[in-house]
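Chains as they are written, first to last, in my numbering: chain E, 32 to 332; chain A, 32 to 332. Data first, discussion second: the structure below is written as structure tokens.
There are 2 protein chains.
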Amino acid sequence: MSAPVKEQLAARAAEVEGFLVRCMRDKGIPDRLLASMEYSLLAGGKRLRPVLVLSWAGMFGEEGIADKVMPFAASLECIHTYSLIHDDLPAMDDDDLRRGKPSNHKQFDEATAILAGDGLLTEAFGLMSAASIVKGLPADRVLRAILVLARAAGAGGMVGGQAVDMEFTGREGVTLDELRRMHAMKTGALITAACECGAILSGADKADAENAREFGRNIGVAFQIVDDVLDVVGDTATLGKPAGSDEAMGKSTYPAFMGLEKSKALAVDYVDAAHERLSGYFGPEQEFLWQLARYIVDRVC
Amino acid sequence: MSAPVKEQLAARAAEVEGFLVRCMRDKGIPDRLLASMEYSLLAGGKRLRPVLVLSWAGMFGEEGIADKVMPFAASLECIHTYSLIHDDLPAMDDDDLRRGKPSNHKQFDEATAILAGDGLLTEAFGLMSAASIVKGLPADRVLRAILVLARAAGAGGMVGGQAVDMEFTGREGVTLDELRRMHAMKTGALITAACECGAILSGADKADAENAREFGRNIGVAFQIVDDVLDVVGDTATLGKPAGSDEAMGKSTYPAFMGLEKSKALAVDYVDAAHERLSGYFGPEQEFLWQLARYIVDRVC
């Protein structure tokens with residue numbers, strides 16, 4: 032495992048965290064609801080999606096771009112967090128633990144967890160608009176990025192992926208192709224959009240935005256495969272949730288289809304494809320993104 | 032009851048409905064999830080919020096403004112519909128009926144209902160951005176309207192209002208002032224934002240946008256009082272839900288505080304205040320909005 036990338040990731044995550052700590056305050060949110068939203072929003076995590084926005088914006092943007100895109104970057108963590116809260120609900124995956132702590136509806140209650148998710152999702156779009164209104168990014172860029180993100184996070188993307196995942200759970204005969212499409216919606220779409228939005232917000236041209244998007248698409252798949260592998264080889268303390276829970280839930284996974292070794296090799300293939308999308312660029316952001324992609328598979332290889 | 036305004040409202044609602052029928056298609060939404068979203072989105076309703084966007088935009092905008100703001104107007108119905116789906120959930124108000132039909136989680140299942148709500152909320156922001164990207168409205172206006180709407184619909188507005196409402200249910204000693212503030216968040220904020228966004232999207236100046244907002248704020252309160260009154264005096268067939276359900280749930284209402292007659296008189300006062308905000312304008316939109324405000328209280332007076 033490369034030490035520098037882990038430290039860089041932690042440093043950037045800390046910047047995002049600093050913004051997240053403040054961003055829900057002074058909005059007239061009732062106390063208990065605010066506590067519930069912040070409980071999950073500040074429960075740790077790698078802040079991968081905001082970091083991807085910041086890094087791709089940094090690749091193409093001018094000096095100071097990171098500060099300008101920060102509200103937009105933070106909005107992706109709000110969306111990611113809301114999706115985790117709702118996915119954990121009794122009617123969904125019924126998970127009692129998240130990152131080693133009681134899941135939101137266990138810590139608070141079901142109604143509050145549903146509303147905390149709704150609140151985080153809605154505030155996310157307020158934060159996105161603030162990237163222009165407060166930080167001065169061109170309005171047309173921000174609107175294009177909002178459209179990309181709404182599509183990725185919505186019923187044709189992340190939300191739809193969760194619906195398909197629920198249909199698949201316990202169903203016999205799910206094909207690898209169906210599994211791929213489900214993951215592309217459920218986890219891939221938001222990671223892909225993070226990269227593309229970073230590029231769009233920094234004023235990148237179409238070809239650069241496509242490289243960003245395809246980088247995201249490929250690391251998204253790699254990330255999912257590694258998650259499936261970790262569920263088999265990891266332990267509860269490392270995962271922050273019970274190991275082997277996918278199998279217990281009857282979930283289709285890459286290791287179930289092709290075994291552990293082939294799954295790991297496939298993850299490496301996707302990281303290679305992601306690296307190719309970086310080949311035309313130089314500088315510290317290029318290097319960071321290159322190492323970040325590698326770091327994803329380093330967790331298991 | 033004034034016949035013309037009812038017909039006009041129905042005609043405008045039909046236009047909104049025509050857009051809503053198409054707007055979720057071709058977005059790659061899984062079949063069952065799409066069916067669930069459309070089940071609630073197309074279950075009828077007065078389409079009051081979109082009509083308010085269209086009318087206030089028509090008041091200040093140029094020829095053809097209604098077509099341009101239609102995606103944004105429709106987005107308010109998506110947000111309103113998602114809030115009804117989530118409010119009906121077992122963990123929230125646990126309502127089996129909505130507009131005389133099984134509520135979403137009864138017709139489908141709880142997980143699908145949660146996801147249908149999440150999907151509608153997310154698509155709403157996609158539709159808002161389309162008002163600029165597809166329809167050509169200036170990007171900065173659309174972004175300002177998105178910010179207004181995100182604040183109104185979010186945890187400091189509608190979502191927060193539902194959280195406070197749940198806290199109040201069955202609690203002794205809720206004051207009239209607390210009730211007012213809860214309603215201002217839960218139902219008032221979105222109606223207020225509909226009017227303000229219509230004005231913003233049409234390029235209205237600050238004073239005009241404030242009149243729109245205050246018109247919305249006042250009819251929002253009137254609307255809520257009338258709803259409380261109808262829950263007492265209406266019957267299940269008219270309401271599409273069991274009459275007297277507020278009392279059965281132990282909810283604080285205006286009639287419980289001040290009786291039916293004083294409640295009705297208060298609703299009329301708010302409509303008068305709304306009418307005052309229209310006094311400086313002329314033309315068909317002014318007349319329609321004037322009659323619309325009156326129509327709200329005509330339902331019970």
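Ideal placement from N, C-alpha and C gives every residue a C-beta, glycine not left out.
Just to confirm, are E/Gln322 and E/Pro121 a CB contact at a threshold of 9 Å?
No, Cβ-Cβ distance for E/Gln322 and E/Pro121 is not below 9 Å.
Are E/Val82 and E/Leu40 touching if we call contact CB-CB under 9 Å?
It is a contact, given that the beta carbons lie within the stated cut-off.
How far does the alpha helix (DSSP H) with E/Thr223 in it reach, from first residue to last?
Unbroken alpha helix (DSSP H) run through E/Thr223: 220-232.
Compute the Euclidean distance between the alpha carbons of E/Phe319 and E/Ala253, then round it to the nearest angstrom.
Computed Cα separation, rounded: 17 Å.
Alpha carbon to alpha carbon, how far is E/Gly49 from E/Arg78? Give it in angstroms, no decimals.
Rounded to whole angstroms, E/Arg78 to E/Gly49 spans 12 Å at the Cα level.
For E/Asn249 and E/Leu309, what's the separation of their Cα atoms in angstroms?
One C-alpha to the other measures close to 12 Å.
So what does E/Leu128 bridge to, in DSSP terms?
According to DSSP, which records beta bridges pairwise, E/Leu128 is partnered with E/Pro133.
Confirm, please, whether the CB-CB distance from E/Ser106 to A/Ile177 is below 9 Å.
No, these two residues do not count as a Cβ contact at 9 Å.
Can you find the residues in the same chain that come closer than 6 Å, C-beta to C-beta, to E/Lys166, ignoring five residues on each side of it along the sequence?
Closer than 6 Å at the Cβ level, and outside the excluded window around E/Lys166, lie Lys99.
List the whole-angstrom C-beta distance separating A/Met197 from A/Ala220, where the pair is believed to meet the contact cut-off of C-beta under 8 Å.
That pair is no contact at about 17 Å.
Run down chain A in chain order and give the residues with a C-beta less than 7 Å from the C-beta of E/Arg175.
Here the neighbours are Ile164.
If you reduce the DSSP assignment to three classes, tell me which class E/Ser33 lands in.
Note that E/Ser33 has pLDDT 46, beneath the 50 cutoff, so the model's placement of it is unreliable and no number is given.
Buried or exposed: where does A/Val47 fall if 16 or more other Cβ atoms within 10 Å of its Cβ makes it buried?
So A/Val47 counts as buried.
From what residue to what residue does the alpha helix (DSSP H) around E/Lys166 run?
That residue, E/Lys166, is in no alpha helix (DSSP H); it is neither H nor E in DSSP.
Does E/Ser310 get closer than 9 Å to chain A when you measure Cβ to Cβ?
Taking Cβ atoms only, chain A never reaches closer than 9 Å to E/Ser310, which makes this a no.
Would you mind giving the Cβ-Cβ distance between A/Val328 and A/Val257, rounded to the nearest angstrom? I have them listed as a contact below 8 Å.
Rounded, the Cβ-Cβ distance is 6 Å, consistent with contact.
Rounded to whole angstroms, what's the CA-CA distance from E/Leu180 to E/Ala235? Just pull it up for me.
Distance between the alpha carbons of E/Leu180 and E/Ala235: 17 Å.
Reducing DSSP to helix, strand and coil, say where E/Tyr312 ends up.
Note: E/Tyr312 maps to coil in three-state DSSP.
Quick check on E/Ser283: does DSSP put it in helix, strand or coil?
Here E/Ser283 sits in coil by DSSP.
Is E/Tyr113 close to chain A? Criterion is C-beta to C-beta, closer than 9 Å.
Closer than 9 Å: yes.
Keeping to the same chain, check which residues put their C-beta closer than 7 Å to that of A/Pro133; ignore five residues upstream and five downstream.
These residues qualify, in order along the chain: Asp127.
Within 9 Å of any Cβ in chain E, is that where the Cβ of A/Gly150 sits?
Yes - at least one Cβ of chain E is within 9 Å of the one on A/Gly150.
Hey, would you say A/Phe91 sits closer than 9 Å to A/Ala230, going by beta carbons?
It is a contact, given that the beta carbons lie within the stated cut-off.
Should A/Phe50 be flagged as near chain E, meaning a C-beta pair shorter than 9 Å?
Chain E contact via Cβ: absent.
Answer with buried or exposed for A/Pro315, where buried requires no fewer than 16 other C-beta atoms within 10 angstroms of its C-beta.
That one is exposed.
Return the residue from the list A/Glu245, A/Ala287, A/Val263 that minimises the CA-CA distance to A/Asp303.
Measuring from the Cα of A/Asp303, the nearest candidate turns out to be A/Glu245.
Alpha carbon to alpha carbon, how far is A/Tyr312 from A/Tyr326?
When rounded, the distance between both Cα atoms is 19 Å.
Counting only the same chain and skipping the five closest in sequence on each side, list residues whose C-beta sits under 7 Å from that of E/Tyr70.
Once the five neighbours on either side are set aside, the close Cβ partners of E/Tyr70 are Asn135, Gln138.
Along the stretch 115-137 of chain E, what residues have a CB closer than 7 Å to any CB found in chain A?
Residues passing the 7 Å Cβ filter: His117, Leu120, Ala122, Met123.
Check whether chain B comes within 9 Å of A/Val36, counting only Cβ atoms and requiring the distance to be less than that.
Judged by its chain identifiers, the structure shown contains no chain B, and its protein chains are E and A.
Tell me which same chain residues have a C-beta within less than 6 Å of the C-beta of A/Phe288, skipping the five on either side of it?
Here the set comprises Leu207.
Name the chain A residues whose beta carbon is nearer than 7 Å to that of E/Phe156?
Result: Phe156, Ile177, Ala181.
Helix, strand or coil, according to DSSP, for A/Phe139 in the structure here?
A/Phe139 falls in the coil class under three-state DSSP.
Are there any heavy atoms of the ligand FAD lying less than 8 Å away from the beta-carbon of E/Asp126, as far as the coordinates show?
Of the ligands one can find in the structure shown there are none, so the ligand FAD has no counterpart to examine.
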